[in-house]
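**Q** Please read through the structure below; I'll follow up with questions.
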Amino acid sequence: MNAMTIGKLAEAGGVGVETVRFYQRRGLIETPARDGGIRRYGKPTLDRLRFIRAAQAGGFTLNEIAELLALDASDERERARALASRRIQEIDDKIAMLESARRSLRRLVDDCAEGGEGRCPIIGAFEMFEPQSASANTST
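This is the structure we're talking about:
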């Protein structure tokens, strides 16, 4: 696993080549010097790539991942714990929102199943729905 090309690194990390390049531009992965015209990546880079992907799966943003990587070098557990605690709270908030949405949708399905005259309550409910702006739901 030493001396992988970018294509082999990407494949081993379960991402595309452009994702590796994006992470390099973001400073999350170092760009090695060319060796005979080809960049070669070692196991530490693959380990970092896998860390990034796992942290993303845990809900961390790339900015937070960069901070976690910097904290790893400085051994600041308190800040890493604070980042993880904040992520847990955001996940809990999202779960609560999804559970509320599920309850509302179940009520609409039950109302619709009762039959009756007039418009389907599901369609009527979504006509009145006013979505939040995308910027209100994103975090960096």
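All you need for my numbering is the position in the sequence shown, starting with 1, plus 103.
All C-beta atoms in this analysis are idealised placements derived from N, C-alpha and C, irrespective of residue type, glycine included.
Could you pull out every unbroken alpha helix (DSSP H) segment of at least 4 residues lying fully inside the segment 121-187, listed in chain order?
**A** You should have 146-160, 165-177.
**Q** When you compare only the Cα positions, how much space is there between R129 and P147?
**A** Taking the first residue of the sequence shown as position 1, residue 129 is located at position 26. Taking the first residue of the sequence shown as position 1, residue 147 is located at position 44. Going by the C-alpha atoms only, they are around 17 Å apart.
**Q** Under 8 Å, do L149 and A115 count as touching if we go by C-beta distance?
**A** Mapped onto the sequence shown, residue 149 falls at position 46. Mapped onto the sequence shown, residue 115 falls at position 12. It is a contact, given that the beta carbons lie within the stated cut-off.
**Q** Can you give the Cα-Cα distance for A204 and F229, rounded to whole angstroms?
**A** Within the sequence shown, residue 204 is the residue found at index 101, counting from 1. Within the sequence shown, residue 229 is the residue found at index 126, counting from 1. Going from the Cα of A204 to the Cα of F229 covers about 12 Å.
**Q** If we count the other Cβ atoms within 10 Å of its Cβ and call it buried at 16 or more, is A158 buried or exposed?
**A** Here the question's residue 158 lines up with position 55 in the sequence shown. Flag for A158 reads buried.
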